[in-house]
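So for the sequence shown, our numbering puts the first residue at 167; every next one is plus one. C-beta atoms are modelled at their ideal positions from N, C-alpha and C, and glycine is treated no differently.
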Amino acid sequence: MRKIKRIILYIILVFFIGVFFFSLCHIIMWYFDNKKTDKIINELQDMVEVIPPKENITTEMLDSSKYYDVSLLSVDFTNLLQKNNDVVGWIQIPNTNVDYPFVQTKNNSYYLTHSFDKKYNDAGWLFLDYRNHLNPIDMNTIIYAHGRVDGTMFGSLKNILSDEFLDKDECYIKMSTLSYNYLFEIFSAYHIKTTDDYLDTNYKDLSKYRDYLDKIKKRSMIDFDNSVSTQNKIITLSTCYNNWEKMVVHAKLVKQEKRY
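And the structure:
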């Protein structure tokens with residue numbers, strides 16, 4: 167009997183030792199992934215050049231917005247494309263860490279485990295849904311990224327749910343693409359049990375689009391004091407909030423300019 171108990175204790179001990187070393191390896195890999203990601207972010211932000219709009223370019227106001235006077239972001243993509251030919255745009259959100267180029271490939275899995283340099287990295291990178299188009303944009307433009315606990319990628323989207331974010335009154339998203347520069351006004355932000363019911367890119371039936379917009383606006387944990395209609399195109403940002411929930415932000419297109 168004692169021998170059996172001793173064997174069971176040995177098995178339990180070996181199990182916990184295995185769990186310890188597995189967790190330790192995971193922490194070490196997470197640390198090095200973060201270091202590599204931080205280096206890439208710093209290099210890209212040093213490399214990017216914001217350029218003034220060209221002459222005779224018309225800025226279109228597509229919806230009424232209190233952010234009418236906010237300038238658009240216009241990025242020179244020349245150097246970025248030499249680093250990664252999957253680059254399709256740059257996204258920037260005030261009062262968060264989100265200030266990165268985003269990419270697009272033929273699926274929604276590759277950049278979950280590859281960084282901007284296309285090397286394996288569990289931190290991944292920001293990527294546009296493979297179904298989306300940007301010239302012109304679809305009814306719902308979807309960008310994904312991991313919600314890293316160090317605040318990189320979409321890890322700082324949680325800031326949008328804070329009172330401090332609202333107090334700064336900069337509830338908008340700037341996006342620059344190869345063809346257009348855009349300004350989106352945030353109208354909904356929430357975390358929700360993992361679902362894919364907010365991830366359709368287009369709606370042939372406007373009544374279904376209306377139902378969709380009503381649903382995601384009602385989900386918002388913040389009252390952004392604005393409206394959204396079927397006349398609006400929107401952007402959706404999706405990331406992990408925790409192991410069983412998603413953090414989601416929706417914003418409507420209010421201003422755009424064609425780059426060329």
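Inter-residue distance for His-416 and Lys-272 is about 24 Å (C-alpha atoms, whole angstroms). For Tyr-378, there is no enclosing beta strand (DSSP E); the enclosing alpha helix (DSSP H) has its first and last residue at 372-384. Glu-351 is classed as buried because its beta carbon has at least 16 other beta carbons within 10 Å across all chains shown.
Between the alpha carbons of Asn-306 and Thr-367 lies a gap of roughly 5 Å. In this structure, Met-213 sits away from Asn-263, with a CB-CB distance that is not shorter than 8 Å. The Cβ neighbour count for Trp-410, taken over all protein chains shown within 10 Å, is under 16; the residue is labelled exposed.
Remark: C-beta atoms of Asn-392 and Phe-353 approach each other more closely than 8 Å. In this structure, the beta-carbon distance from Ala-289 to Leu-327 does not fall below 8 Å.
In this structure Leu-228 touches Lys-421 by the C-beta definition: roughly 6 Å separates them, less than 8 Å. Annotated three-state conformation of Gln-211 is helix, per DSSP.
When Thr-360, Ile-309, Arg-376, Leu-419 are compared, the shortest CA-CA separation from Tyr-407 is found for Thr-360. Short of 6 Å from the beta carbon of Ile-401, and not among the five residues preceding or following it, lie these beta carbons of its own chain, in chain order: Thr-307, Phe-350, Ala-417. Here Thr-405 is buried. Its C-beta has 16 or more other C-beta atoms within 10 Å.
By the C-beta density criterion, Tyr-364 is buried, having at least 16 other C-beta atoms within 10 angstroms.
Within the same chain, and ignoring the five residues on either side of Tyr-266 in sequence, the residues whose Cβ sits closer than 6 Å to its Cβ are Leu-292. Lys-284 sits in coil when the DSSP states are folded into three classes, being neither helix nor strand. For the set Phe-243, Ile-388, Ile-257, Thr-318, the Cα lying nearest the Cα of Asp-333 is the one of Ile-388. The C-beta separation of Leu-239 from Gln-258 comes to about 6 Å, placing the pair in contact by the 8 Å criterion. Taking C-beta separations shorter than 7 Å and ignoring five residues to either side along the sequence, the partners of Ile-358 in its chain run Arg-385, Glu-411, Lys-412, Val-414, following chain order. If you check the CB distance, Leu-344 and Phe-243 come in under 8 Å.
By the CB criterion at 8 Å, Asn-274 and Asp-295 fall inside the cutoff. In this structure, Val-241 sits near Trp-256, with a CB-CB distance shorter than 8 Å.
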